[in-house]
Structure formats: C-alpha cells, structure tokens
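See below for the structure under consideration.
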Amino acid sequence: MTTPKGPPPSPDLRALPSVDRLLGHPRVTSLLESFPHDAVADLVRRQLDWARAAIRAGGDAPSSEDLAADVAERATELWRPHPRSVINATGVIIHTNLGRAPLSADALQAIRNVAEGYSDLEYDLAEGERGPRQEHIQDLLRQLTGAGAGLAVNNNAGALLLTLACLASDREVIVSRGEAVEIGGGFRIPDVLRQSGATLVEVGTTNRTYLRDYEDAVTPQTAAVLKVHAANFKVIGFTHAAETSELADLAHRHGLPLLHDLGSGCLLDTASYGLAHEPTPRESVEAGADLALFSGDKLLGGPQAGIAVGRGELVSRLARHPMARALRLDRLSMAGLSATLLHYVRGEATDKVPVWLMIASTEEDLGRRAESWRVAVGRGATTLPGRSTVGGGSLPGETLPTHLLSLDGAGAPGGAAGLARRLRLGDPPVVARVHEDRVLLDPRTVAPEEEQRLLDAVRAALGSAG
Ligand SMILES: *Cc1c(COP(=O)(O)O)cnc(C)c1O
Numbered sequence: 000m001t002t003p004k005g006p007p008p009s010p011d012l013r014a015l016p017s018v019d020r021l022l023g024h025p026r027v028t029s030l031l032e033s034f035p036h037d038a039v040a041d042l043v044r045r046q047l048d049w050a051r052a053a054i055r056a057g058g059d060a061p062s063s064e065d066l067a068a069d070v071a072e073r074a075t076e077l078w079r080p081h082p083r084s085v086i087n088a089t090g091v092i093i094h095t096n097l098g099r100a101p102l103s104a105d106a107l108q109a110i111r112n113v114a115e116g117y118s119d120l121e122y123d124l125a126e127g128e129r130g131p132r133q134e135h136i137q138d139l140l141r142q143l144t145g146a147g148a149g150l151a152v153n154n155n156a157g158a159l160l161l162t163l164a165c166l167a168s169d170r171e172v173i174v175s176r177g178e179a180v181e182i183g184g185g186f187r188i189p190d191v192l193r194q195s196g197a198t199l200v201e202v203g204t205t206n207r208t209y210l211r212d213y214e215d216a217v218t219p220q221t222a223a224v225l226k227v228h229a230a231n232f233k234v235i236g237f238t239h240a241a242e243t244s245e246l247a248d249l250a251h252r253h254g255l256p257l258l259h260d261l262g263s264g265c266l267l268d269t270a271s272y273g274l275a276h277e278p279t280p281r282e283s284v285e286a287g288a289d290l291a292l293f294s295g296d297k298l299l300g301g302p303q304a305g306i307a308v309g310r311g312e313l314v315s316r317l318a319r320h321p322m323a324r325a326l327r328l329d330r331l332s333m334a335g336l337s338a339t340l341l342h343y344v345r346g347e348a349t350d351k352v353p354v355w356l357m358i359a360s361t362e363e364d365l366g367r368r369a370e371s372w373r374v375a376v377g378r379g380a381t382t383l384p385g386r387s388t389v390g391g392g393s394l395p396g397e398t399l400p401t402h403l404l405s406l407d408g409a410g411a412p413g414g415a416a417g418l419a420r421r422l423r424l425g426d427p428p429v430v431a432r433v434h435e436d437r438v439l440l441d442p443r444t445v446a447p448e449e450e451q452r453l454l455d456a457v458r459a460a461l462g463s464a465g
C-alpha cells in the first residue's frame, strides 16, 4: 500500500462543526418544527460535505453561523412549492419560460371546481353510466374551427407525435426543408417525427420550396404531406412556400392527407391589432388541411394542451390509437380548456382571455399605467415608449407599441443587472428587461390586480442594497 500523495489534511477540516452540533444551531433547529429530523440531518450532512470539498480545494472553513444560514437557505429553496408565481414585466406576452398563457378567471374557477372533488369527466349523468370524455370539447372545437371533429391531448408536440404515429408509422412524410424547424427548448420537428416511426422526406431549400418539390417526392411509401407554420422565426427576402390550398390539392390528388401544424392556435384575427395575420385553424380546414394541429397555451390563451381538428375519420383514428391514452389531457386542463373555448364561443375572448386582453391593451392605456407607476416609484424612474412582443413562438418579429417604466441602474448597486436581480429575487419575484443601464418594466404583461404588489417589490428592490 502506498499513501496517497498530496498535502496532509488541512486543520480547517477539523474546524468544521459535527453534524449534531450544526443540528443544534437555532437556525437549523427551527427547521425541525416544519420538517422531519432525518430530512434536515441529510441537508446538514450534505452542507458539511460541500464545505469539506471547498476546503480541500483551497478555501477557508466557513463559520457555523454561515453553515447554518446555508442549510436554512437550501431548505427554503428545496422545500417550497414549485413553480412559484412571478410577475412578468418583460412585455413578452406568451413567455414560454414563465409558463406561457395566464388563464381567465372562468378557466381558473372551472379548474378549481373540478379539482376539488369529483366530476362527470367520463360519466353520462342522464344514463348513469360511463360517458365520453372528449365529446364536449369536440363540439366546441367543431363550432370554433368549422372542422368535422376534434381531439385534445397533452400538448401540441404530443398531438403531432400521435398524428404521425397513427397515420405515417413506417412510411414517409414530406415536409419542406424550411419548415423542419426547432420548436424551442431544443426540440426539433424532425426528431419528433422520427420518434413516431415515420421517415422524414425533406424537400426544397431553406428559403424556397415549390409545389413541384413536393410532387417529385411522392412515392408509394408516402403517407402524408406535413406543413409546419414557421411560428417562431421568419425567413425574409427571397422566399417561397407552397400555399395550404395548393398542398391540399396535391396531397388529395395522390390520395394523401395534408397535416398542418399551426403552432399557436389563434382563433381571432391578429391583424385587427396591428400585428401580422396569424393563420387560424378555421382557415387551415377551409384550405383543405385534413388535420390542423395547435397548442392550447399559446395564442389560444388556455392551459397546456395539443389540439387536432379535421376530418372525422382521421380524428377517430387518432382517438383510438394506444398513444392517445398515453397523451390524454388531464381533467384540470380539460376544464380550463373548455372554459377558455367558451369565451370564444360567447365572443368575449378579448375581454376575458388574458393573452387577448394584453394584445388588445391600447397604447394610451399603457401610457397612463406606466405614468402612474412612475409617480408611485418616484426618484430615478422615468417612462419611455417601447415595444411589447407576442412571444411563445408566435408572430416572430411582430411587436406592439407600449410605454415602459424605466429605472435608472446608474445609482443602484450592481447597476441595472443588480437591480434586475434583486427584483427577481424579491417577493413576489418580478422579471423585467435590462437594456443598457436601465431596467424596463412593461405594463402590458402585468395584470391590474398585480400592480400594487409590483410597485411594492420595485420600491423594495430600489431601497435594498442586498
Ligand atoms: C409550439 C409549437 C409546437 C409545440 O407545441 P407544444 O404545445 O409546446 O407542445 C409544435 N409545432 C409548432 C409549429 C409550434 O410552434
């Protein structure tokens, strides 16, 4: 046996308290009121392991006080519910990292009603026996999109996977090279496609794909033509993409279905709000798509869901596929989605669905709100005109005029970045934009009910140097 080379154990290691001593520290003992002894002891042991490793790497021994504070901090981080609610002052309406679409009051109430107890999720009250789970949603989807049938699953990536597994497994799907895109978080359409067992046949070039490119790629192995709405980026300049109706004609001439992944699920005309026109499921169905797929929590403004609408025969095949059971929508999302769709049925979406309230906010109203924030915050605050974005892979490059509260980072510790960090770590956490040496807060994405808490958080962040 040889002894390992290296310096002898540092005396600092012996300066560390024992597990029992650290457990006896008042800050750690107070954790024992809420959490079991073993769980707290485990945290203490891990904290001491880290301290030992840090000392071996040349660091100083932390004091018992610091260790106890670290354990307490770790406990608060670890043992609080996640995700926490935050205030989105970024002006990005569908912010994927912040949970996408906030829900309407009716959707929340519907979720609460169903979550608290039992529901007729799959029960026919008139007959007193098992009933259909999707019929109600299907009726609403038919009415809102003009499609023959509809089905809601867990999310749109799931709807795409289910569609391809059901209709194109072991066969080929033709998609434009410019549309075989990444949909965010590292997930790519071609990868989802491959998981379904389908083979991707990419046609055309990144910027230009013609009808004849699709035509040339049709073989006896082709199962479907897929069109993907370039929802999160924009190719500008020398471009060409085939129209949905042309692609539908082509697919149908060959006896193939046209599948249209729309992404956002927009049911209103975005052009009435000064934005580019976002294609709607109804237009897609009218143009001849056999199935149109979209998310529930982007421009639709509901809970996470993936929706397929289209020809009855195809939708029933999807519904019967074993994967549909694995991807099915849970009862809470079903309740929230149904309540959200009802806002559109009643023609009240722009008054009730938060995403649409935000899109429809007028520049004057936003100006008044920014000004009232400026007055409330006082020194160091100004307002300036700016732009909000839709986000969430919808309407790339499209912005809406707004007015921002601007906080000067020059006097704040750590500058604007330090101030923004204190806002994020405050209670409630506030997420804002940093631009040059200013922190910018956009009233468009802050609900009026959140304003008071936002202003308190801003004042706290400006006042504290921690
Ligand atoms: C967002 C998006 C998806 C994925 O939808 P999720 O509901 O997030 O699963 C798929 N396709 C397109 C074009 C999208 O924009």
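First residue of the sequence shown: 0, per numbering that gives the first Met the number 0; consecutive thereafter. C-beta: ideal position from N, C-alpha, C; glycine also. Keep in mind that this is a model prediction, so the values were computed, not measured.
C-alpha distance - residue i paired with residue j, whole-angstrom precision
i: L12; j: L383; result: 55 Å
i: G127; j: S118; result: 13 Å
i: H239; j: A223; result: 21 Å
i: R324; j: S294; result: 18 Å
i: A67; j: I54; result: 17 Å
i: R373; j: V457; result: 11 Å
i: E282; j: L267; result: 11 Å
i: C265; j: H228; result: 12 Å
i: H94; j: G391; result: 6 Å
i: D289; j: R132; result: 23 Å
i: G149; j: Y272; result: 28 Å
i: Y122; j: G413; result: 59 Å
i: L120; j: Q137; result: 14 Å
i: P427; j: H251; result: 54 Å
i: K351; j: V200; result: 42 Å
i: T28; j: R421; result: 28 Å
i: S195; j: A359; result: 39 Å
i: M0; j: L31; result: Because M0 carries a pLDDT of 45, less than 50, the predicted location of this residue cannot be relied on, and the following value inherits that uncertainty. About 45 Å.
i: A464; j: G410; result: Only weak support exists for where A464 lies, its pLDDT of 49 falling under 50; the coordinates are left without a value.
i: R176; j: Y209; result: 11 Å
i: L161; j: A419; result: 42 Å
i: R73; j: L42; result: 8 Å
i: L102; j: E76; result: 26 Å
i: A40; j: G58; result: 24 Å
i: P278; j: R378; result: 45 Å
i: R111; j: L341; result: 17 Å
i: V376; j: R45; result: 42 Å
i: F186; j: C165; result: 20 Å
i: S263; j: L139; result: 18 Å
i: A71; j: F34; result: 12 Å
i: L403; j: V429; result: 15 Å
i: L22; j: R330; result: 43 Å
i: N206; j: V217; result: 21 Å
i: I188; j: V172; result: 12 Å
i: S84; j: R99; result: 12 Å
i: G309; j: W355; result: 25 Å
Counterpart residues of residue i in DSSP-defined beta bridges
i: V224; result: I173 and L257
i: E128; result: D123
i: N87; result: V430
i: L290; result: L258 and G309
i: V18; result: None; V18 has no bridge partner.
i: T198; result: E171
i: I93; result: G390
i: G147; result: Answer is none; G147 lacks a bridge partner.
i: A239; result: The sequence given here places His at residue 239; Ala does not occur at that position. Note: H239 sits in a beta bridge opposite R207.
CB-CB length for residue i against residue j, believed under 8 Å
i: D105; j: A446; result: Rounded, the Cβ-Cβ distance is 15 Å, inconsistent with contact.
i: I86; j: E362; result: Rounded, the Cβ-Cβ distance is 21 Å, inconsistent with contact.
i: L246; j: Y213; result: 7 Å
i: P442; j: L326; result: Contact flag wrong, Cβ pair sits at about 38 Å.
i: R437; j: A460; result: Not really, about 14 Å apart at Cβ, beyond 8 Å.
i: V527; j: L328; result: Residue 527 cannot be examined here, being either before or after the span of the chain that is shown, 0 to 465.
i: L299; j: V389; result: The pair is not a contact, with the Cβ atoms about 13 Å apart (cut-off 8 Å).
i: N96; j: Q303; result: Going by Cβ atoms, the distance from N96 to Q303 rounds to 14 Å, so no, they are not a contact pair.
i: A286; j: S332; result: Going by Cβ atoms, the distance from A286 to S332 rounds to 29 Å, so no, they are not a contact pair.
i: P432; j: G90; result: The amino acid occupying residue 432 in the given sequence is Arg; Pro does not appear at that position. The pair is a contact, with the Cβ atoms about 7 Å apart (cut-off 8 Å).
> What are the uninterrupted segments assigned as beta strand (DSSP E) that are 3 or more residues long and contained completely in the region 383-425, given in chain order?
Replying inline: 398-407
> In chain order, which continuous runs of the alpha helix (DSSP H) of length 4 or greater are located wholly inside the region 292-364?
Replying inline: 311-319, 321-325, 330-344, 348-351 and 353-359
> Enumerated in chain order, which unbroken segments of the alpha helix (DSSP H) with a length of 4 residues or greater are wholly contained in the region 22-75?
Replying inline: 25-28 and 36-55
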